[in-house]
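**Q** Residue numbering for the sequence shown follows our numbering, starting at 234 and increasing by one per position. Below is the structure I would like to discuss, written out as structure tokens.
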Amino acid sequence: MLAAILLAAATPAPPTPLWLDWTKLTRAAPAKDKSVAGAQALGERIGRMVAAGDCRGGEKLALDAGDLRLAAAVRKYCNT
């Protein structure tokens with residue numbers, strides 16, 4: 234029994250991946266409101282927030298809505 238415990242403790246942990254596959258991640262979380270009107274309303278609301286200088290709030294709102302592409306667009310716009 235002691236040998237089994239020592240062997241288990243000596244076994245290395247599996248390697249942690251050093252990258253994320255963002256394309257799979259963006260496909261895994263579709264936007265919650267798939268209607269065109271809902272997407273337009275979300276985009277307009279976030280656009281107003283970003284125009285007012287609230288980039289973090291706009292990005293967070295897009296992420297909370299599950300729209301990773303919109304969040305990426307906000308991040309890109311605010312970082313340029």
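Using N, Cα and C, we set each Cβ at its ideal position, and we do this for glycine too.
I need the straight-line Cα distance from Arg278 to Asp287, nearest angstrom please.
**A** 11 Å
**Q** Can you tell me whether Asp297 is buried or exposed, with buried defined as 16 or more other CB within 10 angstroms of its CB?
**A** exposed
**Q** Could you give the residue range of the alpha helix (DSSP H) that holds Ala285?
**A** Counting along the chain, Ala285 falls outside any alpha helix (DSSP H), and DSSP gives it neither H nor E.
**Q** For the alpha helix (DSSP H) that Ala195 lies in, which residues bound it at each end?
**A** There is no way to answer for residue 195, as the model of the chain reaches only from 234 to 313.
**Q** Got a sec? Which residues, its chain only, sit under 6 Å from Leu303 by beta carbon, not counting five neighbours each side?
**A** Ala295
**Q** Measuring alpha carbon to alpha carbon, tell me which residue in Asp300, Gly299, Leu301 and Val283 is nearest Asn312.
**A** Val283
**Q** Could you have a look at Ala270 and say whether DSSP puts it in helix, strand or coil?
**A** Residue state, collapsed to three classes: helix.
**Q** In angstroms, rounded to a whole number, what distance separates the CA positions of Gly291 and Ser268?
**A** 20 Å
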